[in-house]
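Under my numbering, residues 91 to 281 are what the sequence shown spells out, in order.
The beta-carbon is built from N, C-alpha and C at its ideal position, and this holds for glycine as well.
Accompanying notes for the structure given below.
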Amino acid sequence: MKLKRLYLRYSLNFQKFKIKARNLEAEDFQKAYLIISRRLYRVVHLRNLVIFCVAFIILVFSMFISSFQTIEAFYSKDKPQSGGIYAEGNLGKFSRLNPLYSQTNPNDEDAVNLIFSGLMKRGKDRGLKPDLASKWALSEDKKTYTFELKKGIKWQDGVEFTPDDIIFTIQLIQNSDARSSLYEAWKGVKA
Numbered sequence: 091m092k093l094k095r096l097y098l099r100y101s102l103n104f105q106k107f108k109i110k111a112r113n114l115e116a117e118d119f120q121k122a123y124l125i126i127s128r129r130l131y132r133v134v135h136l137r138n139l140v141i142f143c144v145a146f147i148i149l150v151f152s153m154f155i156s157s158f159q160t161i162e163a164f165y166s167k168d169k170p171q172s173g174g175i176y177a178e179g180n181l182g183k184f185s186r187l188n189p190l191y192s193q194t195n196p197n198d199e200d201a202v203n204l205i206f207s208g209l210m211k212r213g214k215d216r217g218l219k220p221d222l223a224s225k226w227a228l229s230e231d232k233k234t235y236t237f238e239l240k241k242g243i244k245w246q247d248g249v250e251f252t253p254d255d256i257i258f259t260i261q262l263i264q265n266s267d268a269r270s271s272l273y274e275a276w277k278g279v280k281a
C-alpha cells in the first residue's frame, strides 16, 4: 500500500513538472540559468578542475616515461660476452662450404664468412679492417696492394700460416680446371 502511494505521489509530481516545463517562458529560462550558474561554482570549482587536469597529465606522462624505461631495461640486460656457443639458423641447404665456390649460394656464403678468415673483413661501419693481415697499403698507381701478415697465426694442425698459403689460394682460383666462381674476378691478378 505504501509503495502504491509513493508511486502515485512521484508520478503526480512528475506530471506537474511536465506541465510547468510546457508553460515556461523565456524569462523563466533566464531565471533558471542564473540560479544554476550561481550554484555551479560550488559543484565544479575552477581550481579543482585545474588541479584534476594537471594531476591527470602528470599521471599519463609518468606512465609514458615508465614504458620506455621498461623497454630500455629489457633490451640492455643481455650483453654479449666472449666465448660460448654461437648458433645461427639458415633456410635451405649447404652445397659447398668452400670459399672458392660459396658465391653461388647465399647459405654457403654465410657459413663461409663464419668459418673461414680472410686477409680483410668488414667492420661495424661496413668498411674494411684487417683480419689475417696486420696492416695493408695501396700503391700510388692504385694497382698494387701490399699486406703484412699477423705473426703467430696457425692452421688447425699447428702449421704456421705463411704468404705461400695465400699465393697457393690465388693460383687455385686462377686455375680454370678448379672452376671457381671467382675465376673471372681474379684472372689477371699477380700474387
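Cβ shell of Ser-172 (< 6 Å), same chain only, five flanking positions each side left out: Here Ser-172 has no same chain residue with a Cβ atom under 6 Å from its own Cβ, once five neighbours each way along the sequence are excluded.
So, at 7 Å on beta carbons, what are the nonlocal neighbours of Leu-139 in its own chain, with the 5 sequence-adjacent residues on each side left out? Within the same chain, Leu-139 has no close Cβ partners at all.
Beta-carbon within less than 7 Å of Lys-61's beta-carbon, same chain only, minus the 5 sequence neighbours each way: which residues are those? Past the boundaries of the shown model lies residue 61; the chain is included only from 91 to 281, so the question cannot be answered.
Since Glu-199 contacts Ser-192 with CB under 8 Å, what's their CB separation in whole angstroms? Going by Cβ atoms, the distance from Glu-199 to Ser-192 rounds to 5 Å, so yes, they are a contact pair.
So, with DSSP's three-state summary, where would you put Tyr-286? Absent from the model: residue 286. The displayed extent of the chain is 91 to 281, so no value can be given.
Quick one: which unbroken alpha helix (DSSP H) runs of 4-plus residues sit fully inside the segment 161-211? Chain order, please. Entirely contained in the segment 161-211, the alpha helix (DSSP H) runs reaching 4 residues are, in chain order, 196-205.
Output needed for Leu-190: all residues of its chain with C-beta closer than 7 Å, excluding positions within five of it in sequence on either side, in chain order. Cβ within range, chain order: Leu-262, Ile-263, Ala-268, Ser-270 and Leu-272.
Looking at the strands, I want to know which residues DSSP matches up with Leu-228. Tyr-235, per the DSSP bridge assignment.
Output yes or no for whether 8 Å exceeds the beta carbon distance between Ile-243 and Leu-218. The beta carbons of Ile-243 and Leu-218 sit no closer together than 8 Å.
Suppose contacts are defined by Cβ-Cβ distances below 8 Å. Is Asn-197 in contact with Lys-211 by that definition? No. Outside cutoff.
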